[in-house]
Amino acid sequence: ETQHIANIAWAYATLRYKNVALMNRLARMATSSQSLQTITSHGISILVWAYATMQHRIPMLLRQMADRAVQPHVLQTFTPQGIACTLWAYSKLAYLQNSLFDNLIDKASTIGIRKFSLSNLAMMSW
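If you count by the numbering used here, then the sequence shown holds residues 4 to 129, one letter each, in order.
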């Protein structure tokens, strides 16, 4: 179910169709205790990317996704694209999360720069 929430948000953002009521409802669903226990690194990255693309800043969503992302079993599964999208989204929404940034940069360094596409590197430097 949690992946479906992220996919719906991603689809609306990809279409550039901002439905504030829907985005607020999806944020509430994504931050339910059940969703927070099951959302993956991929789900986190596409969810926060969608909210940043729509320029829809919901601090509670961003805080809880950041807290989930830095859990070791979630953090270890981030891909280069997921790291780039997540860092870009938090930067775009001007939502500073030092722990998230530090952990994702550490993860990126363990993956190695050669695994990141030019697009990934550009997003991360934004």
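All residues carry an ideal CB built from backbone N, CA and C; glycine is no exception.
- Rounded to whole angstroms, the separation of the alpha carbons of T56 and L78 is 23 Å.
- Contact between Q100 and Y93 holds, with the beta-carbon distance rounding to 6 Å and staying under 8 Å.
- A direct Cα-Cα distance of roughly 10 Å separates I49 from I8.
- Here T89 is buried: its Cβ has 16 or more other Cβ atoms, across all protein chains shown, within 10 Å.
- Around the Cβ of R117, a 10 Å sphere holds fewer than 16 other Cβ atoms; the residue is exposed.
- Each of T41, L18, Q40 and Y54 was checked against the Cα of A30, and the nearest Cα belongs to Y54.
- Under the three-state reduction of DSSP output, N101 falls in the helix class.
- With fewer than 16 other Cβ atoms inside 10 Å of its own Cβ, I108 counts as exposed.
- Counting other Cβ atoms within 10 Å of its Cβ, N106 reaches 16 or more and is therefore classed as buried.
- Sorting S36, F119 and I114 by C-alpha distance to the C-alpha of Q67 places S36 at the top.
- Counting along the chain, V23 sits inside the alpha helix (DSSP H) bounded by residues V23 to A33.
- The residues M63, L64 and Q67, in chain order, have a CB closer than 7 Å to that of T34 in the same chain once the five nearest residues on each side in sequence are set aside.
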